[in-house]
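**Student:** Be aware that the sequence shown starts at 789, since it is given in the numbering used here, and climbs by one per residue.
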Amino acid sequence: MKTLREYIKESEEKGVAIGHFNFSNMEALHAVYNAAKRLNVPIIVGLTEGEEPFFGREEGVAVVRAIRERDNYPIFLNADHHHSFETVKACVDAGFDMVIIDGAKLNFEENVKITKQCVDYVKKFNKEKSTDILVEGEMGFIGESSKIYEKLSEGIDEANMTTPENAQKFVEATGIDLFAPYVGNIHGMVKGGNPKLHPERVRAIRQVTGIPLVLHGGSGAMNEEFIACIKEGIDIVHINTEIRIAFRQALEKSLKEKPDEVAPYKYLPAAVNAVQGVVEAKLRVFNGIK
C-alpha cells in the first residue's frame, strides 16, 4: 500500500483533497470509514488531545491498523491538535501515521521552536524505524473548540490571517511536511454563518511554501468555498463539529423514539448512519464525486 505522503501527492495531482474526520468512539470511526469505503477514497481519522485519552492512544493505533490491514484500505491515523512535544512524541512512539503540533497560540519564535523540536524527533524516528510519519505545523489562531457559537471567538480576526511571508519563514525554519494556515477558517460553527474562506490567500501561501496545505475548521463552510480552496492548494480538509452535531441529534431522536431501549446496538445505528451521511457528502465535494 502507498504511504500517506504518496496519497497526498496523488490527490494533489488529481486536484482533489483527502477528508480528515475526528472520532472518539467506535461508532464514529465506523461511520467515517464506511463512508470512505463506499466512495473508494483514502481517509484520515484523527484523535485530538481531548479525544485521545477517551478512546485510548494505543487503542486508536491498533484499531485503525487492524482495519487497514484487514481490508488493505488507505485509512490513516492522525494526532490532531497536540500542543506539546511530549504528547506528539507519545503519539509517534505509539505508531500514528501523522502528528500535528499546534503552536498557533504561541508567538512566532516559540511556535517555530516547538514545531522544529517535533520535526527533528520525527525525522530521527523515521530514519531509525524506516517509517514515514508526517508532521504538520500551524500558524494563525482559529479558535480551540468544536462548538456552536453566537459570535466569533475572541482572538479570531481576519486581519490576522496568515501572510505568505510568515508562512514561508515558518515552513523554512521548521521543515514541516504539511502546513495549516489561517485563511478565514475557524473551529466550530457560528449561528449567523461562518466567515468566508479566502482561496486567493491559499494560492499565495502555496506558491511560496511549496508544500501541501491543510484546512482546519471546515465545518460550516460552503461547498463552493471548499472547491475553490482545493483548487488553489488545499490537500486535506478537517471536519469535526458537523459530525458531532449529527451524532448527537440522531442519538437524541433515537432515544426519544425508543425510550425503553437499553441495548446500544439498537439505538446507536441511527447516530452512525447520520455521521456516515455527513461524511459521505463532504467526501463527494472534496473528491469531485457527483
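Don't be surprised by glycine CBs; every beta carbon is placed ideally from N, CA and C.
Quick caveat: nothing in here was measured; it's all calculated off a predicted structure.
(1) Only counting the same chain, and skipping five residues up and downstream in sequence, which positions put a Cβ closer than 8 Å to that of A955?
(2) Along the chain, where does the beta strand (DSSP E) that runs through N810 open and close?
(3) Could you check the C-alpha separation between A805 and N895 for me, to the nearest Å?
(4) Quick check: what's the CA-CA separation for K797 versus R845?
(5) Tell me whether A867 sits in a helix, a strand or coil according to DSSP, three-state version.
(6) Kindly confirm or deny that the segment 901-915 and the segment 870-877 touch, where touching means at least three C-beta pairs closer than 8 Å.
(7) Could you name the residues that DSSP lists as bridge partners for H1026?
(8) With a 10 Å radius around its C-beta and 16 neighbouring C-beta atoms as the bar for buried, classify K1070 as buried or exposed.
(9) Answer yes or no: do G834 and N810 have a C-beta to C-beta separation smaller than 7 Å?
(10) With a cut-off of 8 Å on the beta carbons, I'd call V923 and V900 a contact; round off their distance for me.
(11) Leaving aside the five residues before and after A1062 along the sequence, list all residues of the same chain whose C-beta is less than 6 Å from its C-beta, in chain order.
(12) For L940 and T950, what's the separation of their Cα atoms in angstroms?
(13) Give me whichever residues DSSP pairs with I999 in a beta bridge.
(14) Quick one, which of K957, I831 and N1075 has its alpha-carbon nearest N860's?
(15) Tell me which residues share the same chain as T962 and place their Cβ nearer than 7 Å to its Cβ, disregarding the 5 neighbours each side in the sequence.
(16) Could you spell out the range, first to last residue, of the beta strand (DSSP E) harbouring L835?
(17) Do P987 and A1016 have their C-beta atoms closer together than 7 Å?
(18) Assuming E1068 and R793 make a contact with CB atoms under 8 Å, what is their CB distance in whole Å?
(19) Any idea what DSSP makes of Q1064, helix, strand or coil?
(20) According to DSSP, what are the bridge partners of F967?
(21) Which term fits P1052, buried or exposed, when burial requires 16 or more other beta carbons within 10 angstroms of its beta carbon?
(22) Please determine, among R853, R856, M886 and A854, the residue with the shortest C-alpha to C-alpha distance to D868.
(23) Who are the near neighbours of K1041 in its chain, counting only those whose CB is closer than 7 Å to its CB and skipping five residues on each side?
(24) Identify which residue in S872, F884 and V1073 has its Cα closest to the Cα of F864.
(25) Would S918 be called buried (16 or more neighbouring beta carbons within 10 Å of its own) or exposed?
(26) Go ahead and pull the three-state DSSP assignment for I1077.
**Tutor:** In short:
(1) Taking the first residue of the sequence shown as position 1, residue 955 is located at position 167. For A955, where only same-chain residues beyond five positions count, the Cβ hits under 8 Å are M927, F967, P969, I993, V996 and T997.
(2) Walking along the sequence shown from the start, residue 810 turns up at place 22. That run of the beta strand (DSSP E) goes I806 to N810.
(3) Counting from one through the sequence shown, the residue named residue 805 turns up at place 17. Counting from one through the sequence shown, the residue named residue 895 turns up at place 107. For A805 and N895, the distance between alpha carbons rounds to 30 Å.
(4) On the sequence shown, position 9 is the one that residue 797 refers to. On the sequence shown, position 57 is the one that residue 845 refers to. Distance between the alpha carbons of K797 and R845: 27 Å.
(5) Along the sequence shown, one-based indexing puts residue 867 at 79. A867: strand per DSSP, three-state reduction.
(6) yes
(7) Along the sequence shown, one-based indexing puts residue 1026 at 238. Looking at the DSSP assignment, H1026 forms a beta bridge with H808.
(8) On the sequence shown, position 282 is the one that residue 1070 refers to. Classification of K1070: buried, given that the 10 Å Cβ count is 16 or more.
(9) Numbered from 1 along the sequence shown, position 46 holds the residue referred to as residue 834. Numbered from 1 along the sequence shown, position 22 holds the residue referred to as residue 810. By the CB criterion at 7 Å, G834 and N810 fall inside the cutoff.
(10) Walking along the sequence shown from the start, residue 923 turns up at place 135. Walking along the sequence shown from the start, residue 900 turns up at place 112. At roughly 13 Å, the Cβ-Cβ gap does not stay under 8 Å, so V923 and V900 are not in contact.
(11) For the purposes of this step, residue 1062 is identified with residue 274 of the sequence shown, where counting begins at 1. Within the same chain, A1034 and A1038 come within 6 Å of A1062 by CB-CB distance, once the 5 residues on both sides are set aside.
(12) On the sequence shown, position 152 is the one that residue 940 refers to. On the sequence shown, position 162 is the one that residue 950 refers to. Only weak support exists for where L940 lies, its pLDDT of 48 falling under 50; the value from the coordinates is given anyway. Their Cα atoms are separated by approximately 18 Å.
(13) Numbered from its first residue, the sequence shown carries residue 999 at position 211. Under DSSP, I999 takes part in no beta bridge, so it has no partner.
(14) Along the sequence shown, read from residue 1 onward, the residue named residue 860 stands at position 72. The shortest C-alpha separation from N860 is found at I831.
(15) Counting from one through the sequence shown, the residue named residue 962 turns up at place 174. So the qualifying residues of the chain are V900, T903, K904, V907 and G925.
(16) Here residue 835 is taken as the residue at index 47 of the sequence shown, counted from 1. Per DSSP, L835 belongs to the beta strand (DSSP E) from I831 to L835.
(17) Looking up residue 987 in the sequence shown gives position 199. Looking up residue 1016 in the sequence shown gives position 228. Yes.
(18) In the sequence shown, counting from the first residue as 1, residue 1068 sits at position 280. In the sequence shown, counting from the first residue as 1, residue 793 sits at position 5. Contact flag wrong, Cβ pair sits at about 25 Å.
(19) As a position in the sequence shown, residue 1064 is number 276, starting the count at 1. Correct three-state label for Q1064: helix.
(20) What you label residue 967 is simply residue 179 of the sequence shown in a count that begins at 1. For F967, which the question treats as bridged, DSSP gives the partners G925 and L1001.
(21) Taking the sequence shown and counting its residues from 1, one reaches residue 1052 at position 264. Exposed, since its Cβ has fewer than 16 Cβ neighbours within 10 Å.
(22) The residue labelled residue 868 in the question sits at position 80 within the sequence shown. It is M886 whose Cα lies nearest to the Cα of D868.
(23) Walking along the sequence shown from the start, residue 1041 turns up at place 253. Same-chain partners within the cutoff: A1058.
(24) The residue labelled residue 864 in the question sits at position 76 within the sequence shown. It is F884 whose Cα lies nearest to the Cα of F864.
(25) If you number the sequence shown from 1, residue 918 lands on position 130. The residue is exposed, with fewer than 16 neighbouring Cβ atoms inside 10 Å.
(26) Your numbering for residue 1077 matches position 289 in the sequence shown. Note: I1077 maps to coil in three-state DSSP.
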